[in-house]
Every structure is written in structure tokens, then in C-alpha cells.
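Residue numbering for the sequence shown follows this note's numbering, starting at 98 and increasing by one per position.
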Amino acid sequence: MATPSGRAPTLRILIVAEHASFRFGGEAALPLHYFRVLRRRGIPTWLVVHARTREELQTVFPRDSDRICYVSDTTLHRCLWQIGRLLPSRLATFSTDFAIHCATQLAQRQIVRRLIREESITIVHEPIPVSPREPSMMYGLGVPVIIGPMNGGMNYPSGLRHERSFAERLLVPLGRRLATVMNWLIPGKRRAAILLVANERTRAALPPGVCHHVYKLVENGVDLALWNTLPQEELRGATQITRFVFLGRLVDWKAVDILLVAFKRAAMHAPVHLSIIGDGVERTSLERLAHKLDLVDDGGSVSVGKCHFFGWLKQSECAAELRACQALVLPSLLECGGAVVLEAMAMGMPVIATAWGGPVDYLDKACGILVEPSSREQFIENLTNALVRIAQNPDERVRMGNAGRQKVVREFDWEVKIDRMLGFYHAAISRFITEPTETATR
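What follows is the structure, given as C-alpha cells:
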């Protein structure tokens with residue numbers, strides 16, 4: 098979009114993120130993908146982030162040290178973090194995590210204002226937190242602000258809501274109402290130039306009175322330089338043992354306990370093996386359950402009817418392990434996004450995932466199986482049937498893998514996403530130039 102003078106708006110981009118890390122995974126990787134691709138394209142881009150990932154970022158971006166500014170922890174940050182560790186994860190999100198977010202953003206505002214002045218920044222982009230209800234302090238900066246893509250508004254499936262703790266059922270709705278109040282007090286999302294949402298569920302979850310320029314863009318993408326194995330008959334097709342893999346944090350809402358029970362049943366009907374990659378607070382209890390179900394092979398070999406816990410792995414190690422497997426399974430009950438689904442699809446793997454939340458935005462019957470979570474027992478049965486189906490149909494695995502790879506290349510490659518984001522940057526700057534009063538005060 099052109100400016101009133103007929104020239105395209107100048108892009109000097111400042112990305113603001115509470116944390117940015119490939120090691121953390123999840124939403125923390127999103128700011129780095131924007132920074133990585135924009136810098137490679139030669140577009141002037143800066144990043145403001147928390148100092149906890151300084152060492153990693155200096156290794157990943159050794160030539161861009163002058164383009165990254167850090168906010169350090171204070172005593173307040175450390176105290177809030179210690180308190181948050183004692184709370185259920187979703188409760189911490191609405192309490193201590195929010196307080197830490199505010200403390201970080203207050204410090205970031207000072208850096209952002211300085212960079213806007215010294216580096217002639219023309220647009221600020223805040224890609225995380227992806228929660229639609231999280232208030233933003235990026236407002237009144239004298240340049241347009243884009244927030245998102247956001248993804249949220251999730252609840253447990255109705256048939257499995259009893260899986261939530263009593264404290265969560267009681268306090269999460271209260272936290273959401275409090276977030277509405279905080280967005281009136283902290284008006285970043287009301288004064289933004291553009292808000293981006295991943296889906297209609299997230300649009301509906303936005304607080305009342307936010308910016309009315311809201312557009313859809315899925316938040317996750319795929320780095321095809323890393324997740325790049327093309328489908329091969331000998332890898333995805335007929336094998337003596339069908340190897341499934343779970344990749345993600347070991348927390349309760351990922352439902353790995355349900356997966357272990359379903360896998361035990363599937364192993365009675367097909368030669369299968371399960372790799373579990375990731376770490377988290379549930380790991381000890383999950384390993385205990387796996388032992389109880391006689392699923393653990395202490396020898397560490399790939400044996401029929403057994404599983405292996407790898408713990409946390411680097412991204413390159415995760416990709417290597419996925420290359421040795423035939424299908425990904427993600428039984429999560431509260432997955433807003435699910436970048437691992439796209440990463441597996443990029444590698445030519447069929448995916449089994451819950452027909453709930455983020456995976457529905459990515460998967461269809463051509464490239465995977467979406468499992469209905471109507472009740473705990475029915476979910477286990479449906480998941481078992483999906484595992485057996487994938488194990489017993491190698492030709493279908495290959496077809497699904499091919500279809501998934503093509504879909505990722507077409508729609509979810511980070512290069513494609515950056516092309517779309519550049520359009521939003523230009524639109525926001527042009528609107529700011531032509532409607533400065535409305536954009537600044539809305």
C-alpha cells in the first residue's frame with residue numbers, strides 16, 4: 098500500500114517479545130522466526146527481549162548483537178516466579194505470570210521509546226504473548242503497533258472438563274473477567290493499528306472495545322531448512338514396527354496419560370513403538386504409569402509394545418528422532434496452536450491429533466486423523482483405533498505424509514508467512530500516516 102506521496106512506506110521494524118527462544122519452543126520461537134527471516138531479507142529489524150535468553154541469542158545471531166536489546170530480571174521478577182511455581186500452570190498464567198509480564202513490559206517501554214527515537218523505527222510488532230486477553234503496554238509510542246497473531250479462547254472439551262482441577266474450574270473464569278478489566282486500564286489492544294488472530298475462536302475471545310482492524314493469520318509456521326525430510330516409501334511405508342512419536346511439554350493438559358493407555362491397547366493389535374520427547378512436571382507420574390502398564394523397555398531398544406522417554410532434546414535432535422518415526426501423535430486437550438503438528442507434516446509424517454483447538458486449523462482427513470474427545474473412555478478408544486489404523490495401513494501413511502508436506506509448503510512456510518506479514522506492516526504504516534489521530538487515540 099502506498100503513502101500519500103505515492104511511495105511504499107519505509108519499514109524499520111521493532112519486534113517486542115517478553116521472551117524469545119528456540120530452546121523454550123512453543124510461542125517463544127515465534128519472535129525469532131520473524132527476526133531471522135526479516136534480517137536475512139535485509140530489512141532493518143530490531144528485537145527487544147528478556148535477558149534470560151541472551152546467551153542463546155548471541156550464539157544464534159552472532160552478527161546481530163547490536164540489533165537485540167535485553168531486559169534483565171529484578172528481585173520482583175524472581176519472587177513472582179518462585180510463587181508461580183507453586184500454582185497450577187493455568188492459574189499462574191492469570192496471576193504471577195501476568196505480574197511478571199507487566200514488570201517486563203514496563204522496562205521494555207523505555208527501551209522501545211529510545212529505539213524509536215534513535216533508529217527511526219516505523220512500526221512495532223508484538224507477536225507474543227499469543228493470549229488474546231493478555232494486556233499490552235505497547236501504546237502511545239508515536240508509531241503504529243501490530244499485535245499478534247494471537248491464539249486462545251480455549252476451554253477443555255465438554256466431555257473432559259472434569260480433567261481440570263477444582264481450583265482451575267473456580268478461578269480461571271475469574272481470571273478471564275479480570276483480564277477484561279485490565280485491558281481497559283492498559284489500552285494497548287484498544288489503540289493498536291492492527292490485531293491479528295489465528296481463528297474465529299480467538300477473535301471471539303478478544304476483550305470488548307479493542308481495535309476494530311482485526312485480521313486472520315495462523316501464528317505458527319515451519320522452518321523448512323530444519324524440518325525438511327521429504328516423504329520416502331522406505332521410511333513412511335511398510336515397516337516391521339510402526340514408530341509413533343509424541344513431542345511436547347509433559348503437562349497434564351497434553352493428555353500423555355491417555356496416550357499411554359491407548360498405546361497399550363493398540364499394541365495388542367499391531368506392532369507399535371512410542372517415543373516421548375519432552376520434559377515437564379508430569380514426567381515422573383507418566384514414567385510411573387508407563388511402568389505400571391509394562392510399557393518401558395529398560396534396554397532402550399525399539400521394541401514392540403514399548404515406549405521410551407527421551408526427555409528434552411534440542412530442535413535438531415527432535416528433527417532427527419522424527420525422521421526415524423512413521424507418525425506423530427498429539428492428544429492434547431488444550432492446544433491453542435500446535436507447531437509440532439506442522440513440523441511433522443513438513444517432514445512427510447501423518448499426524449494423529451485431538452479434534453479440538455489448534456490442530457483443527459492445520460489437519461484434515463487428507464493428511465491425518467482428528468480424534469474426537471467426547472469422553473475420556475471414548476477418547477481412549479478413538480485414539481486406539483487411530484493408532485491401529487496408521488500402523489496397519491502403510492500406503493495410507495505415505496499418502497497422508499505427502500498431502501501434509503504439500504500443505505505446509507503451500508500455506509505454512511515461514512517465507513510465505515513473512516510475505517503476508519509485510520503486507521500488514523505496510524497497511525498499518527499507511528493507515529497511521531493517513532489517520533494519525535484515530536490510530537493514536539482509539
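Glycine is no exception: its CB is placed at the ideal position from the N, C-alpha and C atoms.
- Item | Own chain residues within Cβ distance below 8 Å of Leu-356, not counting five before or after | Phe-343, Leu-371, Val-426, Pro-428, Leu-480
- Among residues of its own chain, excluding the 5 on either side of Arg-380, which ones have a beta-carbon nearer than 8 Å to its beta-carbon? Leu-347, Phe-406, Gly-408
- Determine the DSSP secondary structure at Leu-347, reduced to helix, strand or coil. coil
- Task: Check whether the Cβ atoms of Leu-292 and Ile-244 lie closer than 9 Å to each other.
- Result: yes
- Contact check, Val-242 vs Ala-289 under 8 Å by CB: the rounded distance? 5 Å
- Could you pull out every residue in the same chain whose Cβ sits closer than 7 Å to the Cβ of Ala-541, ignoring the five residues on either side in sequence? Shown here, the chain extends from 98 to 539; a query on residue 541 therefore has no answer.
- Are the CB atoms of Val-557 and Gly-501 nearer to each other than 9 Å? Shown here, the chain extends from 98 to 539; a query on residue 557 therefore has no answer.
- Query: Taking DSSP as the reference, what is the three-state secondary structure of Pro-246?
  - Reply: strand
- Which term fits Thr-150, buried or exposed, when burial requires 16 or more other beta carbons within 10 angstroms of its beta carbon? buried
- Nearest-angstrom beta carbon gap, Asp-349 and Leu-386 [assumed within contact, 8 Å]: So it is not a contact: roughly 12 Å between Cβ atoms.
- Query: For Arg-160, which residues of its own chain have a beta-carbon under 8 Å away from its beta-carbon, when the five flanking residues on both sides are left out?
  - Reply: Here Arg-160 has no same chain residue with a Cβ atom under 8 Å from its own Cβ, once five neighbours each way along the sequence are excluded.
- Message: Bridge partners for Cys-404 per DSSP, in chain order?
- Response: DSSP, once it has assigned bridges, lists Leu-371, Val-393 as partnering Cys-404.
- Message: Three or more C-beta pairs under 8 Å: does that hold for the stretch 194 to 205 against the stretch 485 to 493?
- Response: Using a Cβ-Cβ distance cut-off of 8 Å, the stretch 194 to 205 and the stretch 485 to 493 are not in contact, since fewer than three pairs of beta carbons, one from each stretch, lie closer than that value.
- Within 10 angstroms of the Cβ of Ile-526, are there 16 or more other Cβ atoms? Answer buried if so, exposed if not. Buried is the call here.
- Using beta-carbon positions only, say whether His-222 and Ile-112 come within less than 9 Å of one another. yes
- Task: Give the single residue among Thr-326, Lys-286, Ala-295, Arg-298 whose Cα lies nearest to the Cα of Cys-308.
- Result: Lys-286
- Query: Closest to Arg-120 by CA distance: which of Val-157, Arg-109, Pro-226 is it?
  - Reply: It is Val-157 whose Cα lies nearest to the Cα of Arg-120.
- Message: Strictly by DSSP, which residues pair up with His-147?
- Response: Val-168
- Message: Taking DSSP's pairing of strands, which residues face Lys-313 in a bridge?
- Response: Lys-313 is bridged by DSSP to Val-294.
- Going by beta carbon distance, what residues of the same chain come within less than 8 Å of Cys-422, once the five residues before and after it are set aside? Arg-340, Phe-341, Val-342, Ser-372, Met-446
- Is DSSP giving His-222 helix, strand or coil here? strand
- Query: Apart from the five residues just before and just after Asp-376, which ones in its own chain have a Cβ nearer than 8 Å to its Cβ?
  - Reply: Arg-346, Leu-347, Gly-408, Trp-409
- Query: Got a sec? Which residues, its chain only, sit under 8 Å from Val-168 by beta carbon, not counting five neighbours each side?
  - Reply: Val-145, Val-146, His-147, Ala-148, Thr-201, Ala-204, Gln-205, Ile-208
- Pick out whichever of Leu-321, Val-358, Ile-180, Leu-484 has its Cα sitting closest to the Cα of Lys-514. Leu-321
- Item | According to DSSP, residues forming a beta bridge with Thr-451 | Val-468
- Message: In whole angstroms, give me the CA-to-CA distance for Leu-430 and Ser-400.
- Response: Linking Leu-430 to Ser-400 through their CA atoms gives a straight-line distance of about 28 Å.
- What three-state label does DSSP hand Leu-111 in the structure shown? Residue state, collapsed to three classes: strand.
- Item | Near the ligand FAD: Gly-445 beta-carbon under 8 Å from a heavy atom | You won't find the ligand FAD in this model; it holds no ligand whatsoever.
- Query: DSSP three-state call for Pro-254: helix, strand or coil?
  - Reply: Looking at Pro-254 - three-state DSSP - the assignment turns out to be coil, as it is neither helix nor strand.
- Beta carbon of Asn-317 nearer than 9 Å to that of Gly-435: Taking C-beta atoms as the reference points, Asn-317 and Gly-435 count as a pair closer than 9 Å.
- Measuring alpha carbon to alpha carbon, tell me which of Trp-324, Glu-216, Ala-359, Glu-153 ends up nearest Arg-473. Ala-359
- Can you tell me where the beta strand (DSSP E) with Ala-424 in it begins and where it stops? 424 to 427
- Query: Of the residues Phe-509, Ile-466, Val-457, which one's Cα is nearest the Cα of Arg-496?
  - Reply: Ile-466
- Does the separation of the CB atoms of Leu-314 and Pro-226 fall below 9 Å? no
- Message: With distance defined between alpha-carbon atoms, name the residue in Ala-196, Thr-107, Gln-155 nearest to Arg-175.
- Response: Ala-196
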